[in-house]
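Contents: one structure, followed by commentary.
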């Protein structure tokens with residue numbers, strides 16, 4: 063799953079908890095938000111279930127894929 067503008071990673075936490083396979087990728091242009099998201103999801107990041115990318119959506123590096131066309135609503 064791909065979340066653009068992930069902010070401090072609140073939704074990433076919910077998505078990672080619901081994802082049964084693959085990984086959740088969060089993108090944000092703000093280094094402070096990526097730091098907060100990384101700290102909030104540290105266990106999942108270390109396990110490879112969450113990947114965080116600091117980048118502008120307009121300048122995204124190749125992220126691989128495929129990604130889910132829709133993501134489940136967080137609880």
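Residue numbers (the working numbering): 63 to 137.
The beta-carbon is built from N, C-alpha and C at its ideal position, and this holds for glycine as well.
Distance from the Cα of residue 118 is smallest, within the candidate group 64, 91, 102, for 91. Beyond the five residues adjoining it in sequence on each side, residue 86 comes within less than 6 Å, by CB distance, of 63, 74, 77, 78, 112 in the same chain, given in chain order. Straight across, the Cα-Cα distance linking residue 84 with residue 69 is about 21 Å. Apart from the 5 residues on each side of it in sequence, residue 100 sits with its Cβ closer than 8 Å to the Cβ of 71, 107, 114 in its chain, given in chain order. Remark: C-beta atoms of residue 94 and residue 66 do not approach each other more closely than 8 Å.
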